[in-house]
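K.L.:
Please find one structure pasted underneath; my questions will follow.
Number of protein chains: 2
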Amino acid sequence: MKIVLDAMGGDHAPGVVIDGAVMAAREFPGIEIILVGREEVIKRELARYDTAGLLLSITHASEIVEMEEHTDAVKIKRDSSMRVGMRLVKDGQADAFVSAGNSGGVMAAALFELGRIRGIKRPALATVYPAAPIPVLLLDMGANTDPKPEYLVQFALMGTVYVERMWGLSNPRVGIVSNGEEADKGNILVRDTYPLLQASGLNFIGNVEGKDVTKGLADVVVTDGFTGNVMVKLSEGLVSFLVKYLKAELTAGPLNKVGLLLMVPGALAMLPGLLLLTPTVRRITKRMDYAEYGGAPLLGVDGVVIIGHGRSNARAIKNAVRVAKEAVETGMVSAIKDGLQQWSANEEKGETDV
Amino acid sequence: MKIVLDAMGGDHAPGVVIDGAVMAAREFPGIEIILVGREEVIKRELARYDTAGLLLSITHASEIVEMEEHTDAVKIKRDSSMRVGMRLVKDGQADAFVSAGNSGGVMAAALFELGRIRGIKRPALATVYPAAPIPVLLLDMGANTDPKPEYLVQFALMGTVYVERMWGLSNPRVGIVSNGEEADKGNILVRDTYPLLQASGLNFIGNVEGKDVTKGLADVVVTDGFTGNVMVKLSEGLVSFLVKYLKAELTAGPLNKVGLLLMVPGALAMLPGLLLLTPTVRRITKRMDYAEYGGAPLLGVDGVVIIGHGRSNARAIKNAVRVAKEAVETGMVSAIKDGLQQWSANEEKGETDV
């Protein structure tokens, strides 16, 4: 298997991308990582690692789609790492594409080079959102700001196939984000989509309110890309706000500083007990760390495309490669094609079961 | 000043509402609290308190709009506590209305009885969202799921007047929730609203991404009622999920229990230091506690209407009364009327400054 990694994509590219590539090459020895980008830059970065025996190769691409650049740039930059990398997948020279770059840019490049799966109206960007007992797949988180109801139904179908294949859930529950549980709640889009989801043959459980997303009532939660984007980014912002706010408040002023100092011996005395909690703390950290999830799959394009967080560190890059590897292994794209075909066939026959 | 309190509204009504009413009557001695609802029930609850000398009165209303009831019920239930209470405000027998009941119901009752301020197309429900260094006013959080661009501009105007009057901010910054900072980001509604806000004469600072709401880039943040509702409820759900999840994980299994037990002496040793941090901890708790904010103002109806959280405890009820009191004292409704008039006048003259 060969996985393309966009060496120029991400806030900390190319440094952390190369670091992540080396990490991935070590952890997944059977996988060839094709680094796409400016050859001399990649070579210089790679020289810092011992890459003997690792399956790492370089494909040169002269242009870069910058993080804040308008997606229009992708159209012009035919020799950007994104488009060159996507073409490797298109031409069968690689099996998947991974980038932590400008997500709008990656989506545009995927549409230019790979195109949509036949029958899919719009691709959707899916993300893993924390919930109990297991996370939920939330989509779309930004590919379509004003989707039509039928797009949302396709998102639900693609999300269903994804969690079936990738997470091994059978007949996953599908919900739609709304401002109330009742069937008549929602904006026009949600109210129009509701009956279509009911008739889709998917395991549709109805509306999911904002407060219930984390409750895991549904495994696949669909929404328009505007709301999805706001949800994911608001959550990030809120958690980072709470952490920063608590830290700032607790360390402000001489009284607090003395208080914290006085607490040090007690904190030290807690260490042996804390040691016993280490496995749990580690599990929590892992569960809460975006870097563990690696990347968000762009569903509906004709190839495996995984988009990592712009802030990705090396571990996040490595895990994005892992997600891409699993998507290839489980035949995610052909499973979506099959699901769509079966569904369309049933639709034509007037049946609704997938 | 007389403030109507819907004795039958809220998940824990009438118990906590009466409790909160007594608390408010004690804390704000000049204010008469008019409890509206089933007289015998209110009397029975009141009998549990020493109300001697407190300005508390009862106005009977035979019907109740239930928490989960469809807003259509408000149309029929002309003798509900919500509609009877609103009529007291309408008729000048009271200055403000407070309810922790079905928020859709309160909005419907307000529209039936008080109506909109002349010139206001739609009312908006505003909420106080945590941000640093001070919270932001987020609106709409559910009154309008599919607003038009001009409604959002009016929300921005009303929000501006509200934070000017109630929080004493001058020329507050206005932002609109979007999926990107750039002016061309957003769904159709946001992109259509953007130029109107730019031309509004309000202190419009542009798009605010989900991750930046807590950063306090804007004091007033407008969005459609669908997105606003999802934002507020998702935040609630996420915080409660994190707390529950951490607790469940850390206390699961015998090893963790032993670990926690071993930490007790250390934790006790930390107490003296923690004591010095008490004022800070108290401030944090207060800041993070929804009960402190009391309630969300329904802006744009012709009267002061404050909607408390359904889960309101007595302190939240008391604080909702305080918010109502301040809105009356600062002349919030007439300030919105003035602001609107000035703005319309400028619009007609082709000027845009408020």
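Protein sequence lines, in the order shown, are assigned to chains A and B. Read left to right, the first sequence gives residues 324 to 677 (the working numbering). Read left to right, the second sequence gives residues 324 to 677 (the working numbering). Cβ atoms here follow ideal geometry from the backbone N, Cα and C, with glycine treated the same way. Just so you know, these numbers come straight off a predicted model, no measurement behind them.
Over what stretch of residues does the alpha helix (DSSP H) that includes A/D515 continue unbroken?
P.N.:
For this step, residue 515 of chain A is matched to residue 192 along the first sequence. 511-521 is the extent of the alpha helix (DSSP H) around A/D515.
K.L.:
Go through its chain and collect everything with a Cβ distance to A/S501's Cβ below 6 Å, but skip five positions before and after it.
P.N.:
The residue given as residue 501 of chain A occupies position 178 in the first sequence. Correct list, in chain order: K508, G509, V513, N530.
K.L.:
Indicate the three-state DSSP secondary structure (helix, strand or coil) for A/T653 in the structure shown.
P.N.:
Position 330 of the first sequence holds residue 653 of chain A. Coil, per DSSP.
K.L.:
Measure the Cβ-Cβ separation of B/R445 and B/A466 and say whether it is below 8 Å.
P.N.:
Here residue 445 of chain B refers to the residue found at position 122 when the second sequence is read from its first residue. Here residue 466 of chain B refers to the residue found at position 143 when the second sequence is read from its first residue. Yes, these two residues count as a Cβ contact at 8 Å.
K.L.:
What span of residues does the beta strand (DSSP E) with A/K325 cover, start to end?
P.N.:
Taking the first residue of the first sequence as 1, we reach residue 325 of chain A at position 2. Per DSSP, A/K325 belongs to the beta strand (DSSP E) from 325-329.
K.L.:
Between the alpha carbons of B/A506 and B/Y517, how many angstroms are there, rounded?
P.N.:
Start at 1 with the first residue of the second sequence, and residue 506 of chain B comes out as number 183. Start at 1 with the first residue of the second sequence, and residue 517 of chain B comes out as number 194. Straight-line Cα distance between these residues: approximately 7 Å.
K.L.:
How about B/D463: is its C-beta nearer than 8 Å to some C-beta of chain A?
P.N.:
The sequence position of residue 463 of chain B within the second sequence is 140, counting from 1. So no, B/D463 is outside the interface.
K.L.:
Spatial neighbours of B/I354 within its chain, please: CB distance less than 8 Å, with the 5 preceding and 5 following residues excluded, ordered by chain position.
P.N.:
Locating residue 354 of chain B in the second sequence gives position 31, counting from the first residue. So the qualifying residues of the chain are M324, K325, I326, A347, A348, L378, V644, K648.
K.L.:
Assuming A/Y485 is part of the alpha helix (DSSP H), what are its boundary residues?
P.N.:
Position 162 of the first sequence holds residue 485 of chain A. Unbroken alpha helix (DSSP H) run through A/Y485: 472-490.
K.L.:
Could you compute how far the alpha carbon of B/N494 sits from the alpha carbon of A/V476?
P.N.:
Translated into positions along the second sequence, residue 494 of chain B becomes position 171. Translated into positions along the first sequence, residue 476 of chain A becomes position 153. Approximately 44 Å, taken between the alpha carbons.
K.L.:
Using the C-alpha atoms, what's the distance from B/Y485 back to B/G539?
P.N.:
Position 216 of the second sequence, counted from the first residue, corresponds to residue 539 of chain B. Position 162 of the second sequence, counted from the first residue, corresponds to residue 485 of chain B. Roughly 17 Å separates the two Cα atoms.
K.L.:
Does the stretch 535-549 of chain B come into contact with the stretch 426-436 of chain B, if we say contact requires no fewer than three beta-carbon pairs (one atom in each stretch) closer than 8 Å?
P.N.:
No, the stretch 535-549 of chain B does not touch the stretch 426-436 of chain B.
K.L.:
Below 8 Å between beta carbons: does that hold for B/G333 and B/A423?
P.N.:
Your numbering for residue 333 of chain B matches position 10 in the second sequence. Your numbering for residue 423 of chain B matches position 100 in the second sequence. Contact flag set, yes.
K.L.:
Select from the stretch 452-485 of chain A all residues with a C-beta closer than 8 Å to any C-beta belonging to chain B, and list them in chain order.
P.N.:
From the stretch 452-485 of chain A, only P453, A454, A455, G465, T468, D469 have a Cβ closer than 8 Å to chain B.
K.L.:
My parser needs the beta strand (DSSP E) runs of 3 or more residues fully inside the stretch 403-434 of chain B; what are they?
P.N.:
Runs found: 419-422.
K.L.:
Looking only at its own chain, which residues have a Cβ that is under 7 Å from the Cβ of B/A330, when we skip the five neighbours before and after it?
P.N.:
Stepping through the second sequence from its first residue, residue 330 of chain B is reached at position 7. These residues qualify, in order along the chain: A336, P337, V340, I341, L358, V359, G360, I365, S404.
K.L.:
Which same chain residues end up closer than 7 Å to B/D676 when comparing Cβ atoms and leaving out the 5 residues on each side of it in sequence?
P.N.:
Position 353 of the second sequence, counted from the first residue, corresponds to residue 676 of chain B. Confidence is the limiting factor: at B/D676 the pLDDT is only 46, short of 50, which leaves the residue's position unreliable, though a coordinate-based value still follows. The answer, listed in chain order, is G524, N669.
K.L.:
Sorted by chain position, which residues of the same chain lie with C-beta nearer than 6 Å to A/G618's C-beta, five sequence neighbours on each side aside?
P.N.:
For this step, residue 618 of chain A is matched to residue 295 along the first sequence. Same-chain partners within the cutoff: I629, I630, G631, A643, V646.
K.L.:
Name the residue from B/T653, B/S635, B/M390 whose alpha carbon lies nearest to the alpha carbon of B/R488.
P.N.:
Here residue 488 of chain B is taken as the residue at index 165 of the second sequence, counted from 1. Nearest C-alpha to B/R488: B/T653.
K.L.:
Do B/A479 and B/V543 have their C-beta atoms within less than 8 Å of each other?
P.N.:
Residue numbering aside, residue 479 of chain B sits at position 156 when the second sequence is read from its first letter. Residue numbering aside, residue 543 of chain B sits at position 220 when the second sequence is read from its first letter. Yes. Within cutoff.
K.L.:
Hey, would you say A/L622 sits closer than 8 Å to A/L519, going by beta carbons?
P.N.:
Against the first sequence, residue 622 of chain A aligns to sequence position 299. Against the first sequence, residue 519 of chain A aligns to sequence position 196. Contact flag unset, no.
K.L.:
Along chain A, in chain order, which residues have C-beta atoms closer than 8 Å to that of B/A590?
P.N.:
Sequence index remark: in the second sequence, residue 590 of chain B carries index 267 (1-based). Correct list: G589, M593.
K.L.:
Alpha carbon to alpha carbon, what distance is there between B/G343 and A/I659?
P.N.:
Translated into positions along the first sequence, residue 659 of chain A becomes position 336. Translated into positions along the second sequence, residue 343 of chain B becomes position 20. Near 55 Å, if we compare the C-alpha coordinates of B/G343 and A/I659.
K.L.:
What are the start and end residues of the alpha helix (DSSP H) that includes A/Y452?
P.N.:
Along the first sequence, read from residue 1 onward, the residue named residue 452 of chain A stands at position 129. Element bounds for A/Y452: not the alpha helix (DSSP H) but the beta strand (DSSP E), 447-452.
K.L.:
Here's the rule I'm using: 16 or more other beta-carbon atoms within 10 Å means buried, otherwise exposed. How should A/E473 be labelled?
P.N.:
For the purposes of this step, residue 473 of chain A is taken as residue 150 along the first sequence, with counting starting at 1. The residue in question, A/E473, is exposed, as its Cβ has fewer than 16 Cβ neighbours within 10 Å.
K.L.:
Starting from B/G529, find everything on chain A with Cβ-Cβ shorter than 9 Å and list it in chain order.
P.N.:
Counted from its first residue, the second sequence places residue 529 of chain B at position 206. Those within 9 Å of B/G529 in chain A number zero; the least Cβ separation is about 15 Å.
K.L.:
Which residues in chain B sit within 8 Å of A/K398, going by Cβ to Cβ distance?
P.N.:
Residue numbering aside, residue 398 of chain A sits at position 75 when the first sequence is read from its first letter. By Cβ distance, chain B contributes nothing, its closest Cβ being about 15 Å from A/K398, past 8 Å.
K.L.:
Measuring alpha carbon to alpha carbon, tell me which residue in A/N579, A/M390, A/V397, A/G626 is nearest A/D414.
P.N.:
To locate residue 414 of chain A, count along the first sequence from 1; it is residue 91. Here the closest residue by C-alpha is A/G626.
K.L.:
Assign B/E674 to one of two classes, buried (16 or more other C-beta atoms within 10 Å of its C-beta) or exposed (fewer than that).
P.N.:
As a first step, residue 674 of chain B must be located in the second sequence, where it is residue number 351. Any reading at B/E674 needs caution, since the residue's pLDDT is 49, under 50, leaving its predicted position unreliable; the model's value is listed next. Classification of B/E674: exposed, given that the 10 Å Cβ count is below 16.
K.L.:
If you draw a straight line from the C-alpha of A/W666 to the C-alpha of A/K556, how long is it?
P.N.:
Walking along the first sequence from the start, residue 666 of chain A turns up at place 343. Walking along the first sequence from the start, residue 556 of chain A turns up at place 233. Each residue's alpha carbon lies about 33 Å from the other.
K.L.:
Keeping to the same chain, check which residues put their C-beta closer than 8 Å to that of B/D547; ignore five residues upstream and five downstream.
P.N.:
For the purposes of this step, residue 547 of chain B is taken as residue 224 along the second sequence, with counting starting at 1. Around B/D547: D463, N467, T468, D469, P470, L475, L512.
K.L.:
Give a yes or no on whether the minimum CB-CB distance between A/D334 and chain B is below 8 Å.
P.N.:
Working through the first sequence from its first residue, we reach residue 334 of chain A at position 11. No, A/D334 lies away from the interface with chain B (no Cβ there is under 8 Å from its Cβ).
K.L.:
Can you tell me whether B/E355 is helix, strand or coil according to DSSP?
P.N.:
As a position in the second sequence, residue 355 of chain B is number 32, starting the count at 1. Residue state, collapsed to three classes: strand.
K.L.:
Please determine, among B/P595, B/V566, B/W490, the residue with the shortest C-alpha to C-alpha distance to A/I607.
P.N.:
Translated into the one-based positions of the first sequence, residue 607 of chain A becomes position 284. It is B/V566 whose Cα lies nearest to the Cα of A/I607.
K.L.:
Ends of the beta strand (DSSP E) at A/G364?
P.N.:
Position 41 of the first sequence holds residue 364 of chain A. The displayed chain sequence assigns Val, not Gly, to residue 364 of chain A. First-last for A/V364: 362-369, but that is the alpha helix (DSSP H), not the beta strand (DSSP E).
K.L.:
So with Cβ pairs under 8 Å, would you call B/F351 a contact of chain A?
P.N.:
Start at 1 with the first residue of the second sequence, and residue 351 of chain B comes out as number 28. No, its Cβ sits nowhere closer than 8 Å to a Cβ of chain A.
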